[in-house]
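Student: Read top to bottom, the protein sequences are chains R and U.
Here the first sequence stands for residues 1 to 468, where the numbers follow my numbering.
Here the second sequence stands for residues 1 to 438, where the numbers follow my numbering.
Quick one: the structure is below, questions incoming.
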Amino acid sequence: MKLIFERSVPGRHLDLLPACDVELIELPAALKREVAPALPEVSESELSRHYTELNKQVHGVNSGFYPLGSCTMKYNPRIDEEMAALPGFANIHPLAPAHTTLGCQEALETTKKYMCEIFGMDDCTFQPAAGAHGEFTGVLLIKQYHDARGEGQQRTKIIVPDSAHGTNPATANMCGYQVVNIASAPDGCVDLEALKAVLGPDTAGLMLTNPNTVGIFDENILEITRLVHEVGGLCYYDGANLNAVMGVVRPGDMGFDCIHSNLHKTFATPHGGGGPGAGAVGCKAHLAAYLPKSALLGGGDSIQVRSFNGNFGVVLKAMTYVMTLGQEGIPEAAKNAVLNANYLQAKIKGTFEPAFDRICMHEFVLDLSKYKKETGVSALDVAKTLIDHGMHPPTIYFPLIVHEALMLEPTETETRETLDWAAEVYRNLYELGFKDPEYMHNAPHSAYIGRPDDVRATRTPVVRWTKA
Amino acid sequence: MGSYVPSTQAERLEMLKAIGLNDYKDLYRDVPAEMYLDAPLNIPQGMSEMEVANAVSAMAAKNKVFSTILRGAGAYDHYIPSIVKYIPAKEEFLTAYTPYQAEMSQGILQSIFEYQTMICELTGMDVSNASVYDGATAAAEAAAMCRDRKRRVTLISAAANPDTISTVRTYCYGTNDELRVIPAKDGKTDLEALKEMLTPDVASVYIQQPNFNGLFEDAEAIGEAVHAAGAMYVMGCNPTALGIMKTPKDCGADVAVGEAQSLGMPLSYGGPYLGFMATTTKHMRKLPGRIIGETVDSKGDRAYCLALQAREQHIRREKASSNICSNEALCALIVGVYCSAVGPDGLASVATQSMSKAHYLAKELCKIPGISMKYTGEFFHEFVVEMPKVDEVLKALEEAGILGGLPVDGGVLWCATEKASKAVLDKTVAIVKEVCAK
């Protein structure tokens, strides 16, 4: 379809503003731009149709099944959107006097209480704008803690399991730490001996996801956090997988010192095609003094990771969600997320094989390496064929410790009928790989586009439109 | 209580049975018994949708909504065209994840490609990423991308937004790199002081245009000095001003960043906003974050996908200089719709009207005895005045539904946009005059 620029006709426009009612001031010539930016010139009707057509080429979780592992694509309630858009919130300037923003402050305090209780932590900030940003903030808490104790120079290493999300090692690097990768045990859990071997006086901390990235709860978690604390390190909880355990077990009770939670995963705020999210960071009392604050809002010497109060609108959506579910609904959501994952895993079993054949948490990983050897059909081929069936593919080729991985996270908001249908599609595709692998190599067949040539997009990058 | 779990109790029991279990607790058998929560969380019981709507609305009602906002300092009250509110609310755009599967997310990919083009047009730069969190983190990411092994120090102007300075300082603390603040003189970056500070270890220099005091910096002269010293030049620009203002490219910038909230996003007590980030082709592969590229699909038709991913954290892991993955894609969509709605003439009109209203307000305020401009330089839509009785003035304005300027070091920082009519500006001036005369 056309780009918005290709619909542009000079002179078309919307009438948005009245004429200026004060004396017009022009920029001095030296400050003026030479050529006007080539923004589109369109009518409102064309503008509306352009984006409506684009919207038709998008699959959202509110359009259909979206079991993207590690991303917790649960239904995004409409009431949450409505509340965040209330003029009493949307029109509030972040630097308005405190006595005029009592409602905003109450919302932040209320959400903080909810999060502290769910996390098992003592304090919380909403300044980080996403999960990775929350990781950065959390590890900076650890850094400040060691610095304040005069151990900053000595503690130079952050331990990260090889099953971790790429953000974990990248975060540790951004915080000036040397990353120590440790191999996982065969079940994807932390190998205690490998951990002990790298712990020492130079340990700043450990970054861990629990349940881990293969969807298994590490039963040694108390021993793990104890060992790290024993050498003076701190434990960081990557909350990417919190949906499996919220209201059932708390990261604070597992021995973690700080945590981030992706509000756009666990707390049902929409992901918007890649953001905005929000990364709530919780911590125990001994780290609370190091939480970030805005300089313009009186932050003083505190660290700061973003302007003002973070993605406040996203926090409102999460607050509305927790308020709706309450103390019964939070664990109910977690338990049914786990139930749905296990049910789907069981229904697919016998065709694509689980990488770890056991009760899983909220997600599970299928290992297609044997299947690929037998059929030549890869995880990517299966993912692309799923698109033809109107469901979003799972996460593929992650975690890195499983080859030809498909990682499925159905979430609690799917019906049994959907899970039964999805399992049937997967089973059929399994068979199809033996009968007609070529068909799967060439999938998708009915999507808006065929497979894009992403090598070309990188080798000869075209990253903006230019007039022909 | 409210719940979004569709399965009935009977279905849940059947599903448990199907996997060979009797109880939910069996699902959590790896969880050590001492930490399994049998007691409920200490949060309130759930509520029906109507109760929630009432409770949250009651909270919103505790805020004071000003009918006129004459305060900026990084968050600007511009008119948001109606269509800009409705398109991003479409459920597919709203509820999709990152466009990992291009075949199922062409709409998002194309919208970001269009956004990248608009940012390139506004800044004059060659390549834009798909967005970062906000203007402050964009400045911090720019500082990081400009460092190499020898050049590690970042310079930032004292005339930049304090939140930006503080955020850049935090990112520098992370990587154990040094941040040095260039002093301000007469409200602007002190060029002579900067020249003294441009040592061979300086990686980049950040200035804001217009700066925190609303003043236009001598951006080209600063750029020349920075390049003469072999450092990279980062400009943080107000994107509304870019509708009429000389582009960072024309000022010699290597990286252009900024806060794009003013392009269609509500104030929303500070977020979600959007940081834009653009650079030259030369530095493209150092740019952090996602970048969407044009390609062809298997049928040879034009298509869009994630490009240049080898820069990113999921490939580079501990070698990545940025960990960003989620950005502000829906806000980038807002920018796309906003820029298409206003067009080049409309954006110029927003910028010119904002500037004109601010100049009118400044002129009228300065007619009041005791009030004067703190600085003399050219300004855009913000300016600092020295004035008496600041607290009383702001209180009187507040009672009239007007959010006055922000008290800052040595004065009050006012802002006007196209939304402020002459009548409301005159009313503001009358109130200020009355309070000051008492």
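The beta carbon of each residue, even a glycine, is placed where N, CA and C say it ideally should be.
Give the DSSP-derived three-state secondary structure of cysteine 13(R) in the structure shown.
Tutor: Here residue 13(R) corresponds to residue number 13 of the first sequence, with the count starting at 1. Per the sequence shown, the amino acid found at residue 13(R) is histidine instead of cysteine. Residue state, collapsed to three classes: coil.
Student: Assuming glutamate 412(R) contacts lysine 74(R) under a Cβ cut-off of 8 angstroms, what Cβ separation, rounded to an integer in Å, is found between them?
Tutor: Taking the first sequence and counting its residues from 1, the one referred to as residue 412(R) is at position 412. Taking the first sequence and counting its residues from 1, the one referred to as residue 74(R) is at position 74. That belief holds up - the Cβ atoms of glutamate 412(R) and lysine 74(R) are roughly 6 angstroms apart, short of 8 angstroms.
Student: Nearest by alpha-carbon distance to cysteine 258(R): which of Tyr66(R), Ser184(R), Ser48(R), Leu141(R) is it?
Tutor: As a working note, residue 258(R) is residue 258 in the first sequence. The option with the nearest alpha carbon to cysteine 258(R) is Leu141(R).
Student: Under 8 angstroms, with one C-beta from each stretch per pair, do the stretch 330 to 348 of chain U and the stretch 189 to 198 of chain R reach the 3-pair mark?
Tutor: Contact fails: fewer than three Cβ-Cβ distances are below 8 angstroms.
Student: Classify glutamate 404(R) as buried or exposed, calling it buried when 16 or more other Cβ atoms lie within 10 Å of its own Cβ.
Tutor: Reading the first sequence from its first residue, position 404 is the one you call residue 404(R). Looking at its Cβ environment, which holds 16 or more other Cβ atoms inside 10 Å, glutamate 404(R) is buried.
Student: Confirm, please, whether the CB-CB distance from isoleucine 291(U) to valine 455(R) is below 8 angstroms.
Tutor: Position 455 of the first sequence, counting from 1, holds the residue named residue 455(R). Position 291 of the second sequence, counting from 1, holds the residue named residue 291(U). Cβ distance not < 8 angstroms, so valine 455(R) and isoleucine 291(U) don't count as in contact.
Student: For methionine 246(R), which residues in the same chain have their Cβ closer than 8 angstroms to its Cβ, ignoring the five residues on either side in sequence?
Tutor: Locating residue 246(R) in the first sequence gives position 246, where the first residue counts as 1. Excluding sequence neighbours, methionine 246(R) sits near Ile118, Thr266, Ile330, Pro331, Ala333, Ala334.
Student: Suppose the cutoff is 7 angstroms on Cβ atoms and the five residues either side in sequence are ignored; what does the same chain contact list for serine 354(U) look like?
Tutor: Here the question's residue 354(U) lines up with position 354 in the second sequence. Excluding residues within five positions, the ones whose Cβ falls inside 7 angstroms are Thr240, His381, Ala416, Thr417, Glu418.
Student: Count the other CB atoms, across all protein chains shown, that sit within 10 Å of the CB of methionine 50(U); report buried if there are 16 or more and exposed otherwise.
Tutor: Locating residue 50(U) in the second sequence gives position 50, counting from the first residue. Classification for methionine 50(U): exposed.
Student: Output, in chain order, the set of chain R residues within a Cβ distance shorter than 9 angstroms of tyrosine 4(U).
Tutor: Residue numbering aside, residue 4(U) sits at position 4 when the second sequence is read from its first letter. The answer, in chain order, is Lys74, Tyr75, Pro77, Ala268, Tyr321, Thr324, Leu325, Gly329, Ala333, Glu412, Thr413.
Student: Rounding to the nearest angstrom, what Cα-Cα distance links glycine 293(U) and glutamine 57(R) in this structure?
Tutor: Taking the first residue of the second sequence as 1, we reach residue 293(U) at position 293. Taking the first residue of the first sequence as 1, we reach residue 57(R) at position 57. Taking the straight line from one Cα to the other gives about 17 angstroms.
Student: Could you tell me whether the Cβ of glycine 176(R) comes closer than 8 angstroms to any Cβ of chain U?
Tutor: By one-based count along the first sequence, residue 176(R) stands at place 176. So, interface residue.
Student: Between the stretch 50 to 69 of chain R and chain U, which residues of the former have a C-beta closer than 9 angstroms to a C-beta of the latter?
Tutor: Residues passing the 9 angstroms Cβ filter: His50, Tyr51, Thr52, Glu53, Leu54, Asn55, Lys56, Gln57, Val58, His59, Gly60, Val61, Asn62, Ser63, Tyr66, Leu68.
Student: Nearest to alanine 422(R) by alpha carbon, out of Asn62(R), Leu54(R), Tyr66(R)?
Tutor: Residue mapping note: residue 422(R) aligns to position 422 of the first sequence, counting from 1. Nearest C-alpha to alanine 422(R): Tyr66(R).
Student: Closer than 8 angstroms, CB to CB, is phenylalanine 93(U) near chain R or not?
Tutor: Translated into the one-based positions of the second sequence, residue 93(U) becomes position 93. Yes - at least one Cβ of chain R is within 8 angstroms of the one on phenylalanine 93(U).
Student: Could you spell out the range, first to last residue, of the beta strand (DSSP E) harbouring alanine 332(U)?
Tutor: Within the second sequence, residue 332(U) is the residue found at index 332, counting from 1. Where alanine 332(U) is concerned, there is no enclosing beta strand (DSSP E), although the alpha helix (DSSP H) it sits in stretches over 329 to 365.
Student: Contact criterion: CB-CB distance below 8 angstroms. Does valine 338(R) meet it with respect to chain U?
Tutor: Along the first sequence, read from residue 1 onward, the residue named residue 338(R) stands at position 338. Taking Cβ atoms only, chain U reaches closer than 8 angstroms to valine 338(R), which makes this a yes.
Student: Which residue's Cα is closest to the Cα of leucine 429(R): Ile401(R), Thr395(R), Ala383(R)?
Tutor: The residue labelled residue 429(R) in the question sits at position 429 within the first sequence. When only C-alpha atoms are compared, the closest one is Ala383(R).
Student: Less than 8 angstroms between the CB atoms is what I'm expecting for alanine 396(U) and valine 429(U), so what's the real figure, rounded?
Tutor: As a working mapping, residue 396(U) is identified with position 396 in the second sequence. As a working mapping, residue 429(U) is identified with position 429 in the second sequence. Rounded, the Cβ-Cβ distance is 12 angstroms, inconsistent with contact.
Student: Residues in the same chain with beta-carbon distance under 8 angstroms from phenylalanine 136(R), minus the five sequence neighbours each way, listed in chain order, please.
Tutor: The sequence position of residue 136(R) within the first sequence is 136, counting from 1. For phenylalanine 136(R), where only same-chain residues beyond five positions count, the Cβ hits under 8 angstroms are Pro128, Thr171, Met174, Cys175, Val305.
Student: Does any residue of chain U have a CB that is nearer than 8 angstroms to the CB of lysine 32(R)?
Tutor: What you label residue 32(R) is simply residue 32 of the first sequence in a count that begins at 1. Yes, lysine 32(R) counts as interfacial toward chain U.
Student: Taking 7 angstroms as the line, does the beta carbon of threonine 52(R) fall inside it for any heavy atom of the ligand ADP?
Tutor: Only the bare structure without any ligand can be found here, which leaves the ligand ADP out of the picture.
Student: Taking the beta carbon of leucine 24(R) as the centre, do at least 16 other beta carbons fall within 10 Å, making it buried, or is it exposed?
Tutor: Locating residue 24(R) in the first sequence gives position 24, where the first residue counts as 1. Burial call: exposed.
Student: Taking 8 angstroms as the CB-CB limit, is valine 432(U) close to chain R?
Tutor: Here residue 432(U) refers to the residue found at position 432 when the second sequence is read from its first residue. No, because no Cβ of chain R sits closer than 8 angstroms to the Cβ of valine 432(U).
Student: Give me the chain R residues within the contact set of tyrosine 201(U), using Cβ-Cβ distance strictly less than 8 angstroms, ordered along the chain.
Tutor: The residue you call residue 201(U) lines up with position 201 of the second sequence. Looking at the sequence itself, residue 201(U) is aspartate, so the reference to tyrosine does not match. The premise fails here: aspartate 201(U) is roughly 17 angstroms from chain R at the closest Cβ pair, so nothing lies under 8 angstroms.
Student: For phenylalanine 398(R), is the classification buried or exposed, using 16 other Cβ atoms within 10 angstroms of its Cβ as the cut-off for buried?
Tutor: Here residue 398(R) refers to the residue found at position 398 of the first sequence. Looking at its Cβ environment, which holds 16 or more other Cβ atoms inside 10 Å, phenylalanine 398(R) is buried.
Student: Closer than 7 angstroms, Cβ to any Cβ of chain U: which residues of the stretch 118 to 137 of chain R, in chain order?
Tutor: Cβ contacts with chain U come from Ile118, Ala129, Ala130, Gly131, Ala132, His133, Glu135, Phe136.
Student: Run through the DSSP bridge pairs and tell me what glycine 205(R) is partnered with.
Tutor: Counting from one through the first sequence, the residue named residue 205(R) turns up at place 205. BP columns for glycine 205(R) point to Ile158(R), Leu234(R).
Student: Could you give the first and the last residue of the continuous beta strand (DSSP E) run that contains serine 204(U)?
Tutor: Here the question's residue 204(U) lines up with position 204 in the second sequence. First-last of the beta strand (DSSP E) with serine 204(U): 202 to 209.
Student: Rounded to the nearest angstrom, what separates arginine 316(U) and leucine 16(R) at their Cα positions?
Tutor: For the purposes of this step, residue 316(U) is taken as residue 316 along the second sequence, with counting starting at 1. For the purposes of this step, residue 16(R) is taken as residue 16 along the first sequence, with counting starting at 1. One C-alpha to the other measures close to 46 angstroms.
Student: Can you give me the start and stop residues for the beta strand (DSSP E) that tryptophan 414(U) sits inside?
Tutor: The residue you call residue 414(U) lines up with position 414 of the second sequence. Its beta strand (DSSP E) spans residues 411 to 415.
Student: Can you find at least 3 beta carbon pairs, one from the stretch 107 to 116 of chain R and one from the stretch 141 to 149 of chain U, that sit closer than 8 angstroms?
Tutor: These segments do not touch.
Student: Can you list, in chain order, the residues of the stretch 215 to 226 of chain R whose Cβ is nearer than 8 angstroms to any Cβ on chain U?
Tutor: Correct list: Ile216, Phe217, Asp218, Glu219, Ile221, Leu222.
Student: What are the start and end residues of the beta strand (DSSP E) that includes asparagine 181(R)?
Tutor: Taking the first sequence and counting its residues from 1, one reaches residue 181(R) at position 181. Looking at the DSSP string, the run of the beta strand (DSSP E) that includes asparagine 181(R) is 178 to 182.
Student: From which residue to which residue does the beta strand (DSSP E) around glycine 239(R) run?
Tutor: Your numbering for residue 239(R) matches position 239 in the first sequence. Looking at the DSSP string, glycine 239(R) is not in any beta strand (DSSP E), and its letter there is neither H nor E.
Student: What is the C-beta distance between tyrosine 448(R) and isoleucine 87(U), in whole angstroms, given that I count them as a contact (C-beta under 8 angstroms)?
Tutor: Your numbering for residue 448(R) matches position 448 in the first sequence. Your numbering for residue 87(U) matches position 87 in the second sequence. Their Cβ separation, rounded to whole angstroms, is 19 angstroms, which puts tyrosine 448(R) and isoleucine 87(U) out of contact at 8 angstroms.
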